[in-house]
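Q: Input: one structure, supplied below.
2 protein chains.
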Amino acid sequence: MHTHTHDFLTQLTLRDDGVPIYVQIREQFLAAIATGALARGSQLPTMREVAVALKVDLNTVRHAYEEMERRGAIDLVRGRGSFVANHPSPAPIDADPLDRMALAAIARSLEAGFAPAELAHRILRLCKGV
Amino acid sequence: MHTHTHDFLTQLTLRDDGVPIYVQIREQFLAAIATGALARGSQLPTMREVAVALKVDLNTVRHAYEEMERRGAIDLVRGRGSFVANHPSPAPIDADPLDRMALAAIARSLEAGFAPAELAHRILRLCKGV
DNA sequence: CGCATTGTATGAGTTAATGCATACACACAC
DNA sequence: GTGTGTGTATGCATTAACTCATACAATGCG
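Protein chains in written order, with our numbering: chain A, 1 to 130; chain B, 1001 to 1130.
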């Protein structure tokens, strides 16, 4: 039994904007992993926990987890649980101008004391705000 | 016939990340409207133009346009075209410093010819230590 | 009027997303 | 071994997303 139901679990939310549920779950976890909110090697909340918390189907959560595993972001271990992969960051890219712009934004974000992932989500949210 | 096929048209892009096409189109237009890249009252590219440019169905584009109209962001006029609504700016958001930073990033993105949503995803991807 | 442009609409068909229920397989603790 | 927790898997049903094709309706221009 868990002593401290994942605090991350309580932060998960679902928008009603047409984006598939599994995509929303995937993005939120990837963002948390990127910012270190979910440390490498640490255990993710159980698929069932997420399913219950968000009141969605177990298979929907599994869909999100599977995609994250395919990307190498997490490891799924039958009978034990899901864990953030501890592979050294394998994504050293910045040739693309968009990537450079993204890195600049990340830098500005960190300077100002904000999590880059938060900024990214604001951008997405503002785009959709009419 | 158009003399200057919408430059905005050439900036439209589609990701392959599970987000419905109509949502991606919607987001990119709303962002452009929010930042003023598409001025109030100005004409949007034709549904057919967008459909051809992105190689998607006319009905898919229409889905996106319909949602934008329902939100009051644009006006659809049969036989004439689609136009950015000139209602007083319906998106008065920028109190939060993070929002301001996000809007600045959106503006830079559009200037450079990139979809803000794309930028947001790059940010997430680059942060992601995997 | 005749015609091109543009938004509107419909129907058939395919694929994906989601939910619900029911299991099975593996790990670990007791 | 037993039991519980966890990931894995299947089948069925429903709804949404998307494509393709074909049209209709309104506008505006010559």
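Where a beta carbon is used, it is the ideal one built from N, C-alpha and C, also for glycine.
Values in this document were obtained by computation on a predicted structure and should not be read as measured data.
Taking Cβ to Cβ, would you say D99 (chain A) is nearer than 7 Å to R1122 (chain B)?
A: R1122 (chain B) sits close to D99 (chain A), with the two beta carbons spaced by under 7 Å.
Q: Does N1059 (chain B) come within less than 7 Å of chain A when only Cβ atoms are used?
A: no
Q: Just list the residues that DSSP pairs I43 (chain A) with in beta bridges.
A: One detail in the question is off: residue 43 (chain A) reads as Gln in this sequence, not Ile. In DSSP, Q43 (chain A) forms a bridge with A:F83.
Q: Along chain A, which residues have their Cβ under 7 Å away from the Cβ of D1099 (chain B)?
A: Under the 7 Å cutoff, chain A gives R122, L126.
Q: Taking a cut of 7 Å between CB atoms, which residues from the region 1024-1056 of chain B lie near chain A?
A: Legend: CB atoms of the region 1024-1056 of chain B lying less than 7 Å from CB atoms of chain A belong to residues E1027, L1030, A1031, A1034.
Q: Identify the contact partners of V1019 (chain B) in chain A, using a Cβ-Cβ distance below 9 Å as the criterion.
A: Simply G18, V19, P20, V23.
Q: Following the continuous beta strand (DSSP E) through L14 (chain A), name the residue where it begins and the one where it ends.
A: From DSSP, L14 (chain A) is part of no beta strand (DSSP E); its letter is neither H nor E.
Q: Measure the alpha-carbon distance for R62 (chain A) versus S1042 (chain B) and round it to whole angstroms.
A: 45 Å
Q: Just reading off the beta strand (DSSP E) that V56 (chain A) is part of, what are its end residues?
A: That residue, V56 (chain A), is in no beta strand (DSSP E); it is neither H nor E in DSSP.
Q: Hey, is F1083 (chain B)'s beta-carbon within less than 7 Å of any beta-carbon in chain A?
A: Output row for F1083 (chain B): interface = no.
Q: Taking Cβ positions, are A102 (chain A) and L1126 (chain B) nearer each other than 7 Å?
A: Yes. Within cutoff.
Q: Given that L103 (chain A) touches chain B, what residues does it touch there, using C-beta distances under 8 Å?
A: Those within 8 Å of L103 (chain A) in chain B are L1126.
Q: Between the alpha carbons of P92 (chain A) and A34 (chain A), how many angstroms are there, rounded?
A: Legend: pLDDT at P92 (chain A) = 47, less than 50; position of this residue unreliable, value from coordinates given subsequently. Roughly 14 Å between the two C-alpha positions.
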